[in-house]
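Residue numbers (this note's numbering): 1 to 374.
Laid out in structure tokens, this is it:
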């Protein structure tokens, strides 16, 4: 991909476009294989959410403060804004660079292998974090390494899901990634809540080490699943692509529906190959591309500009302060407005997913009734 280059040649004549409107094939049924594939791949979202949410609890743990904080002189410890911001923010910096390299990696070695490597790379970052003794910057570097894997997963997982899932539940499966992000944030808060009263480094090392488990499950589990049909076809493995489509949709390998989907993949790849080499600046200079690019950026930025990540990652002085979320002294579980907020957010996401699932089931039943009617 070039940043600058010669003017694009017209291959289809003036006023013509090589793009064709896709005709999604909704034949088939909801299968266990498709659901299992979606859930396993969505563990990438779990890792993202868990990595983002876990650190907020560490800053309120006594042992973590003694190891990585700054002594106040009265036996207590504090984190400067710069230190706390560095530990928290390096995960996002790693995500930025990880997401930038993930696209080319997916096209070169495949979606499945990219997910596996990214998840196992996250394990490396977690090991660096857990092994930290008294150097706060080691823990921060570990989060940077973790972020590289998490960022790559944020690209590879939705790509793999959208290319593999049957059309009837494709939207539901792809949206599971975001659901698992929320679930991961909530799980991190719950684990921190449970280990809050532990003495020593177990209070923060246990929740930190659990991220290794999620990443290991994804890194190994994804290898048990088939490669994306689109990538398999691109590499000349037509029968493998056909078999994957049929198995995930519960169809015969030679059914008309499978044939149509294979034809769609072939035609789309032929269109891509017929296009001249593109340049990065065309995301702004192409027909209506500036509008689409700015719209996509604005939607993503809007989520951050709501300020919700301030609740998920940091603590609000006077609202979710240490006095409210962590008293270190009793066997009674701490009352946490932050915990309530995250639980409410998770329940909202689950409700939306259940609604989408019910809609998919009703739509499938309606199509079946129409097909069976004389």
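Yeah, the Cβ is synthetic: ideal placement off N, Cα and C, and Gly gets one too.
Proximity below 8 Å, CB of residue i to CB of residue j
i           : j           : result
residue 79  : residue 59  : yes
residue 156 : residue 111 : yes
residue 246 : residue 238 : no
residue 128 : residue 142 : yes
residue 149 : residue 122 : yes
residue 208 : residue 61  : no
residue 153 : residue 118 : yes
residue 177 : residue 44  : yes
residue 298 : residue 283 : no
residue 228 : residue 270 : no
residue 52  : residue 105 : no
residue 67  : residue 133 : yes
residue 250 : residue 29  : yes
residue 120 : residue 202 : no
residue 151 : residue 108 : no
residue 243 : residue 253 : yes
residue 126 : residue 212 : yes
Residues bridged to residue i (per DSSP)
i           : result
residue 291 : DSSP, once it has assigned bridges, lists no residue as partnering residue 291.
residue 70  : 78
Element boundaries [alpha helix (DSSP H), containing residue i]
i           : result
residue 113 : 111-130
residue 276 : Run containing residue 276: none; DSSP gives neither H nor E here.
residue 60  : Element bounds for residue 60: n/a, residue is neither H nor E.
residue 33  : 32-41
Contact belief for residue i with residue j at Cβ below 8 Å, rounded distance in angstroms
i           : j           : result
residue 34  : residue 165 : 6 Å
residue 77  : residue 89  : With 8 Å as the limit, residue 77 and residue 89 do not qualify as a contact, their Cβ atoms being about 20 Å apart.
residue 49  : residue 192 : Rounded, the Cβ-Cβ distance is 13 Å, inconsistent with contact.
residue 262 : residue 241 : 7 Å
residue 37  : residue 248 : 7 Å
residue 41  : residue 233 : Between residue 233 and residue 41 the Cβ distance is about 19 Å, and since that is not below 8 Å, they are no contact.
residue 63  : residue 200 : 6 Å
residue 101 : residue 124 : At roughly 16 Å, the Cβ-Cβ gap does not stay under 8 Å, so residue 101 and residue 124 are not in contact.
residue 55  : residue 87  : 7 Å
residue 218 : residue 47  : 7 Å
residue 230 : residue 265 : 6 Å
C-beta neighbour in chain C for residue i, strict 8 Å
i           : result
residue 195 : Among the protein chains of the structure shown there is no chain C, as only one such chain exists.
Near the ligand GDP: residue i beta-carbon under 7 Å from a heavy atom
i           : result
residue 224 : Among the components of this structure there are no ligands whatsoever, and the ligand GDP is therefore not found.
Quiz item: What are the uninterrupted segments assigned as alpha helix (DSSP H) that are 4 or more residues long and contained completely in the region 189-267, given in chain order?
Solution: Listed in chain order, the complete alpha helix (DSSP H) runs (minimum 4 residues) inside the region 189-267 are 202-221, 229-234 and 238-249.
Practice problem: Any chance you could list the alpha helix (DSSP H) runs of at least 4 consecutive residues sitting entirely within the region 133-200, in chain order? | Solution: Runs of the alpha helix (DSSP H) lying entirely within the region 133-200 and spanning at least 4 residues, in chain order: 136-164 and 170-195.
Practice problem: At 4 residues or longer, and completely inside the region 89-113: list those alpha helix (DSSP H) runs for me, N to C. | Solution: Listed in chain order, the alpha helix (DSSP H) elements of length 4 or more contained wholly in the region 89-113 amount to none.
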